[in-house]
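A.B. asks: Would you mind keeping the following structure in view while I ask a few things?
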Amino acid sequence: MIKFALIKERKTPPDRRVVFSPEKLQEICQKFPEARFKVESSDIRIFSDEAYRRAGFEVTDDVSDCEVMLGVKEVPLPALIPDKKYFFFSHTIKKQPYNRDLLREILKKNIELYDHEVIVKENGARLIGFGRYAGLVGAYNGFRGIGLKEGLFELPKAENLPDLDAMCTELDKIKIPSIKIVLTGSGKVAHGAKEILDHLGIKQVGVDEYLNKDFKEAVFCLIDVLDYNKRKDGCVKNNKDFYKHPEEYESDFMRFARISDMFIAGHFYGDGAPVFFTAEDAKSPDFKIKYIADISCDIIEPIASTIRPSTIAEPFYGYDARNETEVDFREKDSILVMAVDNLPCELPKDASEGFGEMFMENVIPAFFNDDVNGVLKRAKMTSEGKLTGRFIYLEDYVIGEAIRQED
Numbered sequence: 062m063i064k065f066a067l068i069k070e071r072k073t074p075p076d077r078r079v080v081f082s083p084e085k086l087q088e089i090c091q092k093f094p095e096a097r098f099k100v101e102s103s104d105i106r107i108f109s110d111e112a113y114r115r116a117g118f119e120v121t122d123d124v125s126d127c128e129v130m131l132g133v134k135e136v137p138l139p140a141l142i143p144d145k146k147y148f149f150f151s152h153t154i155k156k157q158p159y160n161r162d163l164l165r166e167i168l169k170k171n172i173e174l175y176d177h178e179v180i181v182k183e184n185g186a187r188l189i190g191f192g193r194y195a196g197l198v199g200a201y202n203g204f205r206g207i208g209l210k211e212g213l214f215e216l217p218k219a220e221n222l223p224d225l226d227a228m229c230t231e232l233d234k235i236k237i238p239s240i241k242i243v244l245t246g247s248g249k250v251a252h253g254a255k256e257i258l259d260h261l262g263i264k265q266v267g268v269d270e271y272l273n274k275d276f277k278e279a280v281f282c283l284i285d286v287l288d289y290n291k292r293k294d295g296c297v298k299n300n301k302d303f304y305k306h307p308e309e310y311e312s313d314f315m316r317f318a319r320i321s322d323m324f325i326a327g328h329f330y331g332d333g334a335p336v337f338f339t340a341e342d343a344k345s346p347d348f349k350i351k352y353i354a355d356i357s358c359d360i361i362e363p364i365a366s367t368i369r370p371s372t373i374a375e376p377f378y379g380y381d382a383r384n385e386t387e388v389d390f391r392e393k394d395s396i397l398v399m400a401v402d403n404l405p406c407e408l409p410k411d412a413s414e415g416f417g418e419m420f421m422e423n424v425i426p427a428f429f430n431d432d433v434n435g436v437l438k439r440a441k442m443t444s445e446g447k448l449t450g451r452f453i454y455l456e457d458y459v460i461g462e463a464i465r466q467e468d
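Quick note on numbering: the sequence shown equals residues 62 to 468 in our numbering.
Following this line, the structure appears as structure tokens:
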């Protein structure tokens, strides 16, 4: 028997998501009778304490007798219970300075950390995440921003709607002008954004058609790394070559920026990859993009207009390309920027249900089949107070050398 706990989210601003809904917990217990669950009481979770009680689960303020703690966001240091297994997004694998003390405390308290972000297949592909919901909400927010900036329509905030179906119902009420939209990416984020474009009935066209043809209707083009980057030596290779040698490539994104009205950024930006456009590029009279939904939200470098993250409360700001400054997004010549970095929080019910389905399918079985596929082994970042082999690269980060170098 293994005792799991759904822990309370304590990070500020509050996050209403949870790993499992009450219904999903019931399903897990039917499939895996050896699993036991407790739910830590929470007044912010999208599913109420009473909903879990009705589903037959104990709701309590004390989950310290459980072995495995399941959460979403970072756990505050004082709330970490020693000698437990924890699953949450730690935001430490890229040596994020603001969470160095969190990883230190995890090691100090002999906690086994399993970061959701490194729950992967053997080939490194992620098995779980909220990417689809980031894409869905990010694209929705992008169109909401266009409506507000241009006075065309008013969409409600996604966070004020009960679920994805309600969000799609609101989209059914609007008409998108004849704009050209470029969408980057090939993963769950980009495909979540594409779901919104498809729901709106916006026509998808290929790269050549997009670049060379005028349209009387809204269209979009989904592009991957070799569409917006090119080798410096002019050779044509493949994605694998780009990922292996990004320094040998340069951006070719301006050919899209010259003819696009909207840019939805759903890509993953890797270290050493060319930037999409620079501040100088944005100053060019050839640069036509007016609206940017930056779902990836990498600050400044790959997309020059993303000078800071925005928030769910205030999701939009304007970018004055001439002066490289932030202005009101309603200003006529500004570029509208949407760069919320916690988009799935706006659809907590759907996001939690989707995440729970992936977690049940890909992670829970590993606890009861001796981890036959190595899922837990690959995701274990810490053990017995030390970093595990795959994560030994974080050692300098833990002791502080990486921070000093960055300073």
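For glycine and all other residues, C-beta sits at the position ideal for the given N, C-alpha and C.
1. From MET175 to GLU445, what distance separates their C-alpha atoms?
2. I'd like to know if the stretch 396-407 and the stretch 359-375 are in contact, where contact means that at least 3 CB-CB pairs between them fall below 8 Å.
3. Give the secondary structure of LYS441 by DSSP, where H, G and I count as helix, E and B as strand, and everything else as coil.
4. By Cβ distance, which residues of its chain are closer than 8 Å to SER239, with the 5 residues on each side in sequence left out?
5. Measure from the alpha carbon of ALA470 to the alpha carbon of each residue in ASP122, VAL100, ASP123, then state which is nearest.
6. Just the C-alpha distance for PRO143 and LEU168, rounded to the nearest angstrom, thanks.
7. Cutting at 6 Å between CB atoms, please list the residues of its own chain near ASP122, excluding the five before and the five after it.
8. What does DSSP give as the partner residue(s) for GLU220 in the beta ladder?
9. To the nearest angstrom, how far is the alpha carbon of SER345 from that of ILE368?
10. What separation, rounded to the nearest whole angstrom, lies between the Cα atoms of GLY117 and GLU220?
11. Expressed to the nearest angstrom, what Euclidean distance is found between the alpha-carbon atoms of VAL243 and PRO409?
12. May I ask you to check if the CB of PHE303 is nearer than 8 Å to at least one heavy atom of the ligand ADP?
13. Could you give the DSSP three-state label for ILE373: helix, strand or coil?
14. Hey, could you find the ends of the alpha helix (DSSP H) ILE207 is sitting in?
15. Would the beta-carbon of PHE214 fall within 9 Å of that of ILE235?
16. Using only CA atoms, which one of ASP313, ILE63, PHE148 lies nearest to PHE416?
17. Could you check what DSSP says for ARG391 in three-state terms: helix, strand or coil?
18. Counting only the same chain and skipping the five closest in sequence on each side, list residues whose C-beta sits under 6 Å from that of ASP347.
19. Whole angstroms is fine: what's the gap from HIS260's alpha carbon to GLY199's?
20. Less than 9 Å separating the beta-carbons of VAL136 and LYS64?
21. Closer than 8 Å is the cut-off here; do at least three beta carbon pairs connect the stretch 242-258 with the stretch 316-331?
22. Rounded to a whole number of angstroms, what is the C-alpha to C-alpha distance between ALA227 and ARG114?
23. Determine whether the beta carbon atoms of LEU397 and ILE207 lie at a separation below 9 Å.
24. Could you give the distance in angstroms between the alpha-carbon of PHE93 and the alpha-carbon of LYS155?
25. Looking at the secondary structure, which residues open and close the beta strand (DSSP E) in which ASN290 lies?
26. So, is THR153 buried or exposed, given that buried needs 16 or more other C-beta atoms within 10 angstroms?
27. When DSSP labels each residue in this structure, what does PHE416 get in the three-state scheme?
28. Suppose contacts are defined by Cβ-Cβ distances below 9 Å. Is TYR289 in contact with THR245 by that definition?
29. Keeping to the same chain, check which residues put their C-beta closer than 7 Å to that of LYS441; ignore five residues upstream and five downstream.
30. How big is the Cα-Cα spacing for LYS218 and ASN430?
31. When you compare the stretch 416-428 with the stretch 156-166, are there three or more beta-carbon pairs, one atom per stretch, that lie closer than 8 Å?
32. What is the rounded straight-line gap between the Cα of ILE353 and the Cα of MET323?
33. Go to LEU188, then tell me how far its alpha helix (DSSP H) extends in each direction, as first and last residue.
34. Just how far apart, CA to CA, sit VAL80 and PHE98?
35. For GLU387, which residues from the same chain have a beta carbon less than 8 Å from its beta carbon, with the 5 sequence-adjacent residues on both sides left out?
C.D. replies: Well, looking at it:
1. Looking at the sequence itself, residue 175 is Tyr, so the reference to Met does not match. Cα-Cα distance, rounded: 13 Å.
2. yes
3. strand
4. PHE276, LYS277, GLU278, ALA279
5. Outside the shown range of the chain (62 to 468) lies residue 470, about which nothing can therefore be said.
6. 9 Å
7. SER102
8. In the DSSP output, where bridge partners are listed per residue, GLU220 has none listed.
9. 18 Å
10. 29 Å
11. 27 Å
12. Ligands displayed in this structure: none; no statement on the ligand ADP is therefore possible.
13. coil
14. 192-211
15. yes
16. PHE148
17. coil
18. ARG319
19. 14 Å
20. no
21. yes
22. 27 Å
23. yes
24. 35 Å
25. 290-292
26. buried
27. helix
28. yes
29. GLU173, TYR175, THR449
30. 43 Å
31. no
32. 6 Å
33. Element bounds for LEU188: n/a, residue is neither H nor E.
34. 12 Å
35. ILE368, ARG369, TYR378, GLY379, TYR380, ASP381
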